[in-house]
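Asks: Position one of the sequence shown corresponds to residue -2 (the numbering used here), numbered consecutively onward.
Here you go, one structure.
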Amino acid sequence: MSTTTMSAGPAPHTLSRARWASRTQFAALGVFGGVWGVHIPSVKQQFELSESGLSMVLLSIACGAVLSLFFAGRVIGQLGARRATMLASAIMGLLLAAILHWPGLAWVLPAGIVFGAAMSLFDVAINADGTALEAASGKAVMGSLHGSFSLGGMAGAALAAAMLRADIAPEWQLAGTALAVVAIVWNAARSMLDAHPPASSDEPEAHFAWPRGTLLVIGLLIFSGMTAEGVMYDWSVLYLKQELAMPQDAAGLGFAVFSAAMAAARFGGDALRARHPEHLLLRNGALLAAVAMAAVLLIGQPWVALAGYACVGVGLALCVPILFNAATRVPGVSRAAAIASVSSIGYSGFLIGPPLIGFVAHHASLTAALGLVVVAAGALALGARRASC
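Pasting the structure below:
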């Protein structure tokens, strides 16, 4: 474990409140994502979009998220993590509530760019705050924070699904959920450490740091991990249904098993990080994911696939917590700028991986295409030692 214990810092009760505040913010981001994911079909239906039109909406959000990374560090440096989190959550909530009320696609696309940018700013702010919390307390917490995000995502999706079954209008669902989550975020923000006030003269300036050297390597490792994770989220259920002929309701267990295993491993991962070198945890986890996915594709049996999905979730669980923390230890770069820098490469894994799978599946098969998970996890294992910087 490579976090730094500070000789003087916040009181224990202040740190305890800050940890709960950070968990709440990560869970809130997960809820936003889970609710949005369930209501993507609502957007498609409301604006009568084709698949290509819906792809444009999703791409606008992705573009906004990536563009935001170029100024997120500066914004957090100027406002502090607390105010940046509050600002970003308010923008996300407003746009989520309004998404079904825009006159047409010409309004939805720029709104999607702003929504993605706000989500990215929120993400960088809470991750930077989480690494500062580790440094202030001397305890590993990033795994549990990302575990809270995973639980929030599942809770948001379940909440939206329950409201749909109750025949609550989608626009009321989105508005009510957005208002509630923003209120929770703002209340929790009062207990954040606010570890990123405007930088003093002897601190690194919180501008965007172009990924080079160690930051570039860490960014590429995050890219590998997020590519594998994104593919699992988007294609794992279809593989079970299409390739293994599982009924759709049973195939949905694949997503649940993968997500639940990842969340559980993240909550347990902090104790492992306190006892074992992080690069070994990263390497062994990536190897587990690669071997498990290879077994899924080679054996091609439903029960093997579900067990393999769980192993992949466990293997990839600590990738982002470990590598984000490693990025903040690169000298001469502020925490927020370091996370934004490696995220600019890493998040593109979510953008590139799923479409690449579709291209390969179209020209070969989905089974062959999902071999990308094995390749990405293997690359992560090979480069894992760089996490010990």
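Beta carbons: idealized from backbone N, C-alpha and C, even for Gly.
Which two residues bound the contiguous alpha helix (DSSP H) that contains residue 107?
Replies: For residue 107, the enclosing alpha helix (DSSP H) stretches over residues 102 to 134.
Asks: When you compare each of 368, 18, 366, 367 to residue 190 by their alpha carbons, which one comes out closest?
Replies: 18
Asks: What do you get for residue 162, buried or exposed, if any count of 16 or more other CB atoms within 10 angstroms of its CB means buried?
Replies: exposed
Asks: Counting only runs of 4+ residues fully inside the stretch 238 to 296, write out the alpha helix (DSSP H) ranges in chain order.
Replies: 245 to 272, 275 to 296
Asks: Since I believe residue 336 is in contact with residue 125 (beta carbons under 8 Å), could you give me their beta-carbon distance rounded to a whole number of angstroms?
Replies: 5 Å
Asks: Comparing C-alpha positions only, which one of 144, 369, 381 sits nearest to residue 260?
Replies: 144
Asks: So, helix, strand or coil for residue 330, using DSSP?
Replies: coil
Asks: For the candidate residues 130, 84, 149, 52, whose alpha-carbon lies nearest to that of residue 109?
Replies: 52
Asks: Compare the C-alpha of residue 221 against each of 341, 78, 308 and name the closest.
Replies: 341
Asks: What is the DSSP secondary structure of residue 318, counted as helix, strand or coil?
Replies: helix
Asks: Compute the beta-carbon to beta-carbon distance between residue 122 and residue 78, rounded to the nearest angstrom, for a pair I have assumed lies under 8 Å.
Replies: 5 Å
Asks: If you draw a straight line from the C-alpha of residue 113 to the C-alpha of residue 253, how long is it?
Replies: 25 Å
Asks: Report all residues from its chain with a CB closer than 6 Å to the CB of residue 380; omit the five preceding and five following residues, and keep chain order.
Replies: 218
Asks: Would you call the stretch 268 to 284 and the stretch 361 to 372 touching, i.e. three or more CB-CB distances under 8 Å?
Replies: no
Asks: In angstroms, rounded to a whole number, what distance separates the CA positions of residue 309 and residue 360?
Replies: Computed Cα separation, rounded: 25 Å.
Asks: Buried or exposed, going by whether 16 or more other CB atoms sit within 10 Å of the CB of residue 295?
Replies: exposed
Asks: With a threshold of 6 Å on Cβ separation, who are the neighbours of residue 215 within its own chain once the five nearest residues in sequence on each side are excluded?
Replies: 320, 323, 324, 339
Asks: What are the boundary residues of the alpha helix (DSSP H) that residue 86 is part of?
Replies: Segment 78 to 95, the alpha helix (DSSP H) holding residue 86.
Asks: Contact between the stretch 53 to 62 and the stretch 78 to 87 is defined here as three or more beta-carbon pairs at a separation below 8 Å; is this criterion met?
Replies: no
Asks: I'd like the list of long-range same chain contacts for residue 226, defined as Cβ closer than 7 Å, with 5 residues on each side in sequence excluded.
Replies: Cβ neighbours of residue 226 beyond the five flanking positions: 313.
Asks: Do residue 26 and residue 94 count as a contact pair if the criterion is CB distance below 9 Å?
Replies: no
Asks: Drop a sphere of 10 angstroms on the beta-carbon of residue 209, count the other beta-carbons inside from all chains shown, and report buried for 16 or more, exposed for fewer.
Replies: exposed
Asks: Return the Cβ separation of residue 241 and residue 282 in integer angstroms, given the expectation that the two are a contact with Cβ distance under 8 Å.
Replies: Between residue 282 and residue 241 the Cβ distance is about 25 Å, and since that is not below 8 Å, they are no contact.
Asks: Helix, strand or coil, according to DSSP, for residue 354 in the structure here?
Replies: helix
Asks: Per DSSP, what kind of secondary structure is residue 47 in: helix, strand or coil?
Replies: coil
Asks: Rounded C-beta distance between residue 374 and residue 290? I'm assuming under 8 Å.
Replies: Their Cβ separation, rounded to whole angstroms, is 7 Å, which keeps residue 374 and residue 290 in contact under 8 Å.
Asks: Once the 5 residues before and after residue 344 are set aside, which same chain residues still bring their CB inside 7 Å of it?
Replies: Correct list, in chain order: 62, 63, 223.
Asks: Give me the Cβ distance between residue 159 and residue 32, rounded to the nearest whole Å; I'm assuming they're in contact under 8 Å.
Replies: The pair is not a contact, with the Cβ atoms about 11 Å apart (cut-off 8 Å).
Asks: Which value, in whole angstroms, describes the spacing of the CA atoms of residue 150 and residue 328?
Replies: 33 Å
Asks: Applying the 10 Å Cβ sphere with the 16-neighbour rule, what's the burial state of residue 120?
Replies: It is buried - the Cβ of residue 120 has at least 16 other Cβ atoms within 10 Å.
Asks: Leaving out five residues on either side along the sequence, give the residues of the same chain with a beta carbon under 8 Å from the beta carbon of residue 395.
Replies: As displayed, the chain neither begins before -2 nor continues past 386, which places residue 395 out of reach and without an answer.
Asks: Is residue 11 helix, strand or coil when you go by DSSP?
Replies: helix
Asks: Straight-line CA distance for residue 42 to residue 168?
Replies: 12 Å
Asks: Mind checking residue 45: buried by the 16 CB within 10 Å criterion, or exposed?
Replies: Flag for residue 45 reads exposed.
Asks: Use the C-beta contact count for residue 318: other C-beta atoms within 10 angstroms, 16 or more gives buried, fewer gives exposed.
Replies: buried
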